[in-house]
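Enquirer: Below are the structure tokens for one structure; questions will follow.
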Amino acid sequence: MRYWWVNQNQTYEAELNGGYIWSPKRNKNGVRNQFYENMREVSPGDLVFSFRRRKIPAVGVASSYCYEAPKPDEFGTAGQNWEKVGWRVDVAYTEMSEPITPKAHIDVIRPLLPGKYSPLQQNGDGLQSVYLAAISRELADLLQQLLEGAGNPRVDTDNISQLDRSDLVHEELERQIEDQIDQSIEIESTEKQQLVKSRRGQGLFRLNVQEYEKACRISGVCDTRFLIASHIKPWRSSTNVERLDGENGLFLSPNIDSLFDRGFISFDDNGNLLVSPVLDTQVMSQLGVPAVQSLNVGRFTSGQMKYLAHHRREVFLESGRQS
DNA sequence: GACGGCGCTAA
DNA sequence: TTAGCGCCGTC
């Protein structure tokens, strides 16, 4: 399990009440930001320390992995220059009745601050450019001691709640897109039907995928009755052309589709399997992904590679990967 | 007056 | 890529 520190000044109320943390995927100028990339490495059960107005007013336990979600409406003007779609992790917060001020304990905290991507300055002040920062177990232990010493209840990872809204959020997002397709006057009704069917991997999209893929790349199952035509670049993020493009698809066994769809696995351009560090290796092998050092699933077309690059950049749950 | 989920920019 | 510095709105 891992430990995180989140600087939430303007959005604290919204994120506390909503039970989540949210970030855009990129800086305003489109550049990768490590504090946003860190969202992709959170696992259920991880501990999250809230930081607001120089204090720690709440401690949370993550209850989901990272998933794509729209910018919360309740942010209002706070996040005006952030993108409309970003990363979200569900978090069960416990408010501290006696918030502590890290700066008051900076002498003991300073030696435990990370050398890079630290959430605090050496003098104990915050850092404007930080959102979600990784901290060590040692620092997390210290913060918990300080919080308990001040009279707060201890928050532990086994306070984990089962609340994971990722399916609901994605369902709502995709339902809105279906409505847009349905109301569009430029699209013919037969194409509308195909676009909606493609969301479930059915219809024309499935036929188009069959031109490129014959079996599940990992399980080897080739009876298409048991395979899901899975979008590489997610349906919700695709253009209408991409939603029906056969090169934007793989035939996958249901278990493998579920792992690929949620970003637990991906592929590089040479066909090597990539496994997210957030995924438990035992679960992975139980779900049918062989626990070998490297697995090559064969060549991809240049079209497939284009979509795979998107999958690695926007779906795969690993921070810091350049591709 | 203090400070930060910034925006630039230097190296 | 990372950290430092200056801006300025908000608490």
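Numbering (full-length UniProt numbering), first residue to last: 1 to 323. Think of the CB as a built atom: it goes at the ideal place given N, C-alpha and C, for glycine as much as any other residue. Keep in mind the model is a prediction, meaning the values are calculated, not measured.
(1) Is DSSP giving residue 405 helix, strand or coil here?
(2) Following the continuous beta strand (DSSP E) through M305, name the residue where it begins and the one where it ends.
(3) Under three-state DSSP, which class holds G19?
(4) Could you pull out every residue in the same chain whose Cβ sits closer than 6 angstroms to the Cβ of Y93, ignoring the five residues on either side in sequence?
(5) If the criterion is Cβ atoms closer than 8 angstroms, does the pair F267 and L259 meet it?
(6) Decide if the stretch 71-85 is in contact with the stretch 93-110; the criterion is three or more beta carbon pairs, one per stretch, under 8 angstroms apart.
(7) Going straight from the alpha carbon of V292 to that of I265, what length do you get?
(8) Using only alpha-carbon positions, find the residue among T77, S50, E211 that is nearest to A133.
(9) Count Cβ pairs between the stretch 239-250 and the stretch 180-200 that sit closer than 8 angstroms; are there 3 or more?
(10) From this set, I109, M284, M305, R262, which residue's C-alpha is nearest N272's C-alpha?
(11) Does DSSP put L250 in a helix, a strand or coil?
(12) Have a look at the DSSP bridge pairing and note the partners of L47.
(13) Report all residues from its chain with a CB closer than 7 angstroms to the CB of Q8; omit the five preceding and five following residues, and keep chain order.
(14) Can you tell me whether DSSP reads Y12 as helix, strand or coil?
(15) Classify R225 as helix, strand or coil using the three-state DSSP reduction.
(16) Please report the Cβ distance between Y36 and K25, rounded to the nearest whole angstrom; I am assuming they are in contact, meaning their Cβ atoms lie under 8 angstroms.
(17) On a CA-only basis, which of G45, E74, L142 is nearest I56? Give me that one, please.
(18) Express the C-alpha separation of Y307 and N296 in angstroms, rounding to a whole number.
(19) Does DSSP put E68 in a helix, in a strand, or in coil?
(20) Considering only DSSP beta bridges, list what Y93 is partnered with.
(21) Could you work out which residue in E148, K233, K214 is closest to F251 when comparing CA atoms only?
(22) Decide if the stretch 179-194 is in contact with the stretch 211-228; the criterion is three or more beta carbon pairs, one per stretch, under 8 angstroms apart.
(23) Using only the alpha-carbon positions, how far apart do G298 and Q202 sit?
(24) What ranges does the alpha helix (DSSP H) occupy inside the stretch 263-293, keeping only unbroken runs of at least 4 residues that lie completely in it?
(25) Pick helix, strand or coil for K55, following the three-state DSSP scheme.
(26) So S253 and V283 are supposed to be a Cβ contact under 8 angstroms. How far apart are they, rounded?
(27) For P24, write down the residues that DSSP places opposite it in a beta bridge.
(28) Quick one, are the C-beta atoms of E41 and E318 less than 8 angstroms apart?
(29) Along the chain, where does the alpha helix (DSSP H) that runs through I181 open and close?
(30) Closest by CA to S294, which one among D257, Q10, N270?
(31) What residue from H311, V209, D158, G288 has the CA that sits closest to I232's CA?
Expert: A quick look at the data gives this:
(1) Outside the modelled stretch of the chain, which goes from 1 to 323, sits residue 405, for which no answer is possible.
(2) First-last for M305: 302-314, but that is the alpha helix (DSSP H), not the beta strand (DSSP E).
(3) coil
(4) L16, A58, G60
(5) no
(6) no
(7) 14 angstroms
(8) S50
(9) yes
(10) M305
(11) strand
(12) Y3, V61
(13) E15, S50, F51, R52
(14) helix
(15) helix
(16) 6 angstroms
(17) L142
(18) 18 angstroms
(19) strand
(20) G60
(21) K214
(22) no
(23) 25 angstroms
(24) 281-286
(25) strand
(26) Wrong, their Cβ atoms sit about 15 angstroms apart, outside the cutoff.
(27) G86
(28) yes
(29) 166-183
(30) N270
(31) H311
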